[in-house]
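In our numbering, the protein residues as written are 633 to 743. Backbone N, C-alpha and C fix where the C-beta goes; we use that ideal spot for every residue, glycine too. Keep in mind the model is a prediction, meaning the values are calculated, not measured. Have a look at the structure below before the remarks.
In structure tokens:
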């Protein structure tokens, strides 16, 4: 049981590090830390899995995981918004270019 609690404390520390890395926007390190956290989960045997879940809930680690999820979802929405704005800007620029090109072609037409 102590070994399991030690794993959960390590899980919690890594989760808090992930939150700090998200705030610093160090995405490569986040991926590494998520991998470390997954290794902890995978290292728990089937026998200890129920105890792991009970300790996880008791230590309120779900709140930390929810916070990570919420921050990442917020950033994802922000990136989607930026991509949409970029797409609109690109479309407007293309339309403007085509419109100006047609105006220039008026003078080149033979009468």
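Beta carbon of residue i nearer than 9 Å to that of residue j
{"i": "residue 669", "j": "residue 643", "result": "yes"}
{"i": "residue 586", "j": "residue 653", "result": "Within the shown structure, residues of the chain are numbered from 633 to 743, placing residue 586 beyond reach of any answer."}
{"i": "residue 687", "j": "residue 637", "result": "yes"}
Nearest candidate by alpha-carbon position, reference residue i, set the options
{"i": "residue 677", "options": "639, 718, 719 and 722", "result": "639"}
{"i": "residue 673", "options": "716, 641 and 718", "result": "641"}
{"i": "residue 663", "options": "704, 729 and 731", "result": "704"}
For residue j and residue i, the rounded distance between their alpha carbons
{"i": "residue 719", "j": "residue 725", "result": "10 Å"}
{"i": "residue 655", "j": "residue 709", "result": "16 Å"}
{"i": "residue 728", "j": "residue 721", "result": "10 Å"}
{"i": "residue 645", "j": "residue 714", "result": "32 Å"}
{"i": "residue 689", "j": "residue 730", "result": "60 Å"}
{"i": "residue 626", "j": "residue 717", "result": "What the structure shows of the chain is the stretch from 633 to 743, and residue 626 is not part of that stretch, so it cannot be assessed."}
{"i": "residue 679", "j": "residue 702", "result": "31 Å"}
Contacts around residue i, its chain only, beta-carbon distance under 8 Å, and the 5 residues preceding and following it disregarded
{"i": "residue 699", "result": "651"}
{"i": "residue 696", "result": "644, 647, 648 and 651"}
Residues near residue i by beta carbon distance below 6 Å, same chain, minus five either side
{"i": "residue 706", "result": "none"}
Own chain residues within Cβ distance below 7 Å of residue i, not counting five before or after
{"i": "residue 691", "result": "640 and 644"}
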